[in-house]
Amino acid sequence: MTKSIPAVLAAIALTGCMKSYPLWDPPPPQAEPAPLVQVTVEGTVIAIDEDDESLELEVATGGSDETLRIEFGSTTVVFPTGSRDRAVSGDDGLEMLDEGDHIVVNGLKSDDDSVRAREIAIAGRAAAQPAPAASATAAVPAFTPTQRVSGVVRAVDASAGRIVIETDGDGVVAFYGDRDTPVFYKGVIYQMPSLEVGDTVTVTIGSTDEGDPATPWITAVDVSRSVSHDGSAPVAKVRVPEPPKPDVQLEAMELEGTVKRLEAQGFELETGEGALRYVTADRMMPVAPATVERVSDLEVGMKIRVRVLEVGDRIVAQKITMLE
660 MTKSIPAVLA
670 AIALTGCMKS
680 YPLWDPPPPQ
690 AEPAPLVQVT
700 VEGTVIAIDE
710 DDESLELEVA
720 TGGSDETLRI
730 EFGSTTVVFP
740 TGSRDRAVSG
750 DDGLEMLDEG
760 DHIVVNGLKS
770 DDDSVRAREI
780 AIAGRAAAQP
790 APAASATAAV
800 PAFTPTQRVS
810 GVVRAVDASA
820 GRIVIETDGD
830 GVVAFYGDRD
840 TPVFYKGVIY
850 QMPSLEVGDT
860 VTVTIGSTDE
870 GDPATPWITA
880 VDVSRSVSHD
890 GSAPVAKVRV
900 PEPPKPDVQL
910 EAMELEGTVK
920 RLEAQGFELE
930 TGEGALRYVT
940 ADRMMPVAPA
950 TVERVSDLEV
960 GMKIRVRVLE
970 VGDRIVAQKI
980 TMLE
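Now the structure itself:
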């Protein structure tokens with residue numbers, strides 16, 4: 660059927676007025692959320708909000724204090740001082756904490772200064788809270804040179820030469836060394852930055868700080884179980900980095916000679932061939948037999964035999980014996 664001219668013109672006019680509209684407006688692009696970073700932080704509880712399931716932690720960084728918000732969750736695990744068997748999770752774990760407690764937190768940090776806690780170890784109770792009746796010892800036990808202490812690594816601060824270990828019988832204790840303290844694992848020497856939270860270790864006590872006899876310094880760390888390389892990790896695991904590359908192969912040797920010069924970090928030894936070798940040694944390391952008690956008692960001219968380990972370009976004393 661042929662349309663009339665007026666009808667055709669009306670249809671054309673209507674078509675020209677029509678516009679095309681999208682069925683929906685696409686949402687504006689959103690910024691990608693900032694990635695969460697695995698962290699280990701240590702500090703003092705200054706406030707607890709049980710309703711919000713969070714706490715405020717005061718952390719000392721670079722000479723100033725920083726406040727972090729620590730968020731709890733149903734899977735957050737709290738380890739009481741000196742115990743792994745009595746670990747508590749969720750709300751019950753939060754109720755165990757008090758303002759003034761000193762704690763070590765492993766978790767995920769966001770860019771808004773908050774940390775989602777995965778695990779918390781109580782390193783020390785608030786001063787106003789009495790010590791548990793079952794413990795008659797100080798919060799930080801005193802150790803003796805050459806003593807070996809075993810436990811699980813709870814935190815690593817390689818830049819400060821400090822590792823926090825939940826020991827088998829002495830609670831959570833901070834041990835001190837330096838970046839060159841040898842870490843032995845399967846016949847290879849590593850350095851302190853290679854340690855991970857969750858590693859099972861045994862540390863050898865070298866000395867204690869003269870101003871605080873309860874501050875243990877260590878001469879070596881033996882790793883009996885690596886959280887990354889010896890099977891499934893325990894709940895203490897925080898990260899699984901790539902396997903570290905060995906620093907040096909384990910190589911021991913003995914030197915005999917005469918002490919030529921004494922320094923705070925060791926001594927210079929003149930060997931039989933007239934060569935001078937610098938030996939790094941802890942001043943509190945014992946000397947056998949008991950002609951002198953420690954390295955700090957050595958004098959220039961004394962003849963000694965030293966069992967040493969080569970750690971990179973350094974020679975580190977492991978045993979010293981008097982020859983005269």
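Be aware that the sequence shown starts at 660, since it is given in this note's numbering, and climbs by one per residue. For every residue, glycine included, the Cβ atom is placed at its ideal position computed from N, Cα and C.
Alpha carbons only, please: which of 826, 918, 778 and 940 is nearest the one belonging to residue 732?
778
In terms of residue numbering, what span does the beta strand (DSSP E) encompassing residue 708 cover?
Counting along the chain, the beta strand (DSSP E) containing residue 708 begins and ends at 696-708.
Extent of the continuous beta strand (DSSP E) run through residue 973:
Per DSSP, residue 973 belongs to the beta strand (DSSP E) from 973-981.
Go through its chain and collect everything with a Cβ distance to residue 843's Cβ below 6 angstroms, but skip five positions before and after it.
881
In three-state terms, what does DSSP make of residue 954?
helix
Assess contact between the segment 766-776 and the segment 820-832, defined as three or more Cβ pairs (one per stretch) separated by less than 8 angstroms. Is contact present?
Flag = no, the segment 766-776 and the segment 820-832 do not touch.
With H, G and I counted as helix, E and B as strand and the rest as coil, what does DSSP make of residue 841?
coil
Return the CA-CA distance between residue 757 and residue 718, expressed in angstroms with no decimal places.
Taking the straight line joining both Cα atoms gives about 16 angstroms.
So is residue 944 buried or exposed if we call it buried at 16+ other beta carbons inside 10 Å?
Using a 10 angstroms sphere on the CB of residue 944, the tally of other CB atoms reaches 16 or more, which defines it as buried.
Check this for me: beta carbons of residue 877 and residue 834, under 8 angstroms apart or not?
Yes, Cβ-Cβ distance for residue 877 and residue 834 is below 8 angstroms.
Which residue comes first and which comes last in the beta strand (DSSP E) that contains residue 914?
911-922
Is it right to say residue 948 is buried, meaning 16 or more other beta carbons lie within 10 angstroms of its own, or is it exposed?
exposed
Cβ atoms of residue 886 and residue 857: under 8 angstroms apart, would you say?
yes
Answer with buried or exposed for residue 727, where buried requires no fewer than 16 other C-beta atoms within 10 angstroms of its C-beta.
By the beta-carbon neighbour count (other beta carbons within 10 angstroms, threshold 16), residue 727 is buried.
Would you mind stating whether residue 938 and residue 967 have Cβ atoms separated by less than 8 angstroms?
yes
How about residue 811 and residue 802: are their beta carbons less than 8 angstroms apart?
no
Between the Cα of residue 805 and the Cα atoms of 863, 951 and 709, which residue gives the shortest distance?
863
Given this structure, state the Cα-to-Cα distance separating residue 879 from residue 841, to the nearest angstrom.
5 angstroms
Can you tell me whether residue 855 is buried or exposed? The criterion is at least 16 other CB atoms within 10 Å of its CB, across all chains shown.
Residue 855 comes out buried.
Residue 956 versus 980, 765, 853 and 911, residue with shortest Cα-Cα distance
The option with the nearest alpha carbon to residue 956 is 980.
Just to confirm my understanding: we take residue 921, look at its own chain, exclude 5 residues before and 5 after, and list those with CB closer than 7 angstroms. What are they?
Here the set comprises 957 and 959.
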